[in-house]
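Enquirer:
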Amino acid sequence: MMDQPGRHAEFFCGGGAAFINITVTFPINKAMFRQQLHGISSFRAIGQLQKEGIRNLYRGLLPPLLQKTSSLAVMFGSFYRFQRFLEEKNGVHSKYVYITIAAIFAGCLETMFTPFERVQTLMQDKKYHNKFKNTLHAFKEVRIHGYREYYRGISTILLRNAPSNVLFFCGREYFRDNFTKVGDEGSVKLFKDFVSGAVLGAMISTIFYPVNVVKTRMQSHLGGEYMTSWKTFQILWKDRNGSIRKVFRGCHLNYTRSFLSWGVINASFDLLMKTFFNKSTRL
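Take the sequence shown: its position 230, counting from 1, is numbered 270 in the numbering used here, and each next residue is one higher.
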């Protein structure tokens, strides 16, 4: 029987990979957030951050650090746990069937961390800089509006998480089946893991970019009417003058960040699994 740490290896390494990633990419993510919310150019978003200074640059780091480490721990951990369960119980079906089902399951579980993503959105919006003293204070202020307020925008998060997980895990395995050799080790394997994660991350984040723009708009409000994803999109579409280009404003920063983020996540997850648990993540 596998020892306790070994049983939860994917959970530990998923969280570790997220921690490494967030500390590297947080400033890029913050600039992208400003573009999503206000529809401004990259130069203007970066200029705003420069004027606000280093003190505010990492303001709001704790919520995404908590949310992402927890979310990716659940994403990788529950995916591998459920995938193994399906394979053991159902026998000889295509592994991509199991990957798809397990990825959807993992994506649904990740929505439990919506409150962290909710508070992160508020903390990154400059109009709340003087309203919240810190992350804990922000959580308390949101609570005043009821527990439901923590889950504002959860429908868009579910719409994003489940299908994007399917694309990521299926694509990850496809890359391994076709481009990675069983004997690849060291820097060669690390490089291939980075490239496959980076390409998948950039592609998936671009596909779901409009969903994230809608989510950001929904979660930038504190209190008041609860609007559906569709109604929010209609308002957003009108604000951006019916321009797809304006809806996708900030997308280039997004796929740059995602290219780096998911390259780091994919490579570091496999490296942590190999280093600390001597386990392969190949299905």
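For each residue, glycine too, the CB sits at the ideal point set by N, CA and C.
For a minimum of 3 consecutive residues, which ranges assigned as the beta strand (DSSP E) are wholly contained in the region 259-298?
Expert: DSSP runs (the beta strand (DSSP E)) wholly in the region 259-298: none.
Enquirer: To the nearest angstrom, how far is it from the Cα of V137 to the Cα of Q123?
Expert: Between V137 and Q123, the C-alpha separation is close to 9 Å.
Enquirer: Rounded to a whole number of angstroms, what is the C-alpha to C-alpha distance between K166 and L300?
Expert: Taking the straight line from one Cα to the other gives about 25 Å.
Enquirer: Using a Cβ-Cβ cutoff of less than 7 Å, which residues in the same chain neighbour R74 once the five nearest sequence positions on both sides are dropped?
Expert: So the list reads I80, A85, Q88, once near-sequence residues are dropped.
Enquirer: Exposed or buried, M41, counting other C-beta atoms within 10 Å across all chains shown (16 or more means buried)?
Expert: Reliability of the predicted coordinates at M41 is poor, the pLDDT of 41 falling under 50, and the value obtained from them is presented with this limitation in mind. It counts as exposed.
Enquirer: Closer than 9 Å, CB to CB, is Y98 near chain D or not?
Expert: Reference to chain D is not applicable here, since this structure consists of a single protein chain.
Enquirer: In this structure, how does DSSP classify D217 when only helix, strand and coil are distinguished?
Expert: DSSP places D217 in helix when its eight states are reduced to three.
Enquirer: Is D224 helix, strand or coil when you go by DSSP?
Expert: If DSSP states are grouped into helix, strand and coil, D224 belongs with coil.
Enquirer: From this set, E92, V254, C210, S245, which residue's C-alpha is nearest Y295's C-alpha?
Expert: If we check each option's Cα against that of Y295, S245 comes out closest.
Enquirer: Let me know the secondary structure DSSP gives S204 once reduced to three states.
Expert: Correct three-state label for S204: helix.
Enquirer: Does the beta-carbon distance from I305 to L112 come in below 9 Å?
Expert: Contact flag set, yes.
Enquirer: Decide yes or no for the touch test of the region 151-158 against the region 181-195: beta carbon pairs closer than 8 Å, at least 3 of them.
Expert: The region 151-158 is in contact with the region 181-195.
Enquirer: Express the C-alpha separation of V254 and W270 in angstroms, rounding to a whole number.
Expert: About 9 Å.
Enquirer: Taking the alpha helix (DSSP H) that T31 falls in, what are its first and last residues?
Expert: Past the boundaries of the shown model lies residue 31; the chain is included only from 41 to 323, so the question cannot be answered.
Enquirer: When you compare the CB positions of N201 and T161, do they come within less than 9 Å of one another, or not?
Expert: Not a contact, by the Cβ cut-off of 9 Å.
Enquirer: Given that a residue counts as buried once 16 or more other Cβ atoms are within 10 Å of its Cβ, and exposed if not, what is T196?
Expert: The residue is buried, with at least 16 neighbouring Cβ atoms inside 10 Å.
Enquirer: Excluding sequence positions up to five away, which residues of its chain have a Cβ less than 7 Å from the Cβ of V159?
Expert: Excluding residues within five positions, the ones whose Cβ falls inside 7 Å are P103, T175, A178, F179, V182.
Enquirer: With 16 other CB atoms within 10 Å as the buried threshold, where does Y98 fall?
Expert: Y98 is exposed by the Cβ-count criterion.
Enquirer: Inspect the beta-carbon positions of A71 and L293 and report whether they are closer than 9 Å.
Expert: For A71 and L293, yes; Cβs fall inside 9 Å.
Enquirer: Hey, quick one: how far does the alpha helix (DSSP H) through E189 stretch, first residue to last?
Expert: Careful: E189 lies outside any alpha helix (DSSP H) and carries neither H nor E.
Enquirer: Run through the region 46-115 for me and flag every whole alpha helix (DSSP H) of 4 or more residues, listed as ranges in chain order.
Expert: Here the runs fully enclosed are 49-78, 82-97.
Enquirer: Using only the alpha-carbon positions, how far apart do S326 and F145 sit?
Expert: Only positions 41 to 323 of the chain appear in this structure, which leaves residue 326 out of reach.
Enquirer: Going by C-alpha to C-alpha distance, which of G147, S298, H261 sits closest to F119?
Expert: The shortest Cα separation from F119 among G147, S298, H261 belongs to G147.
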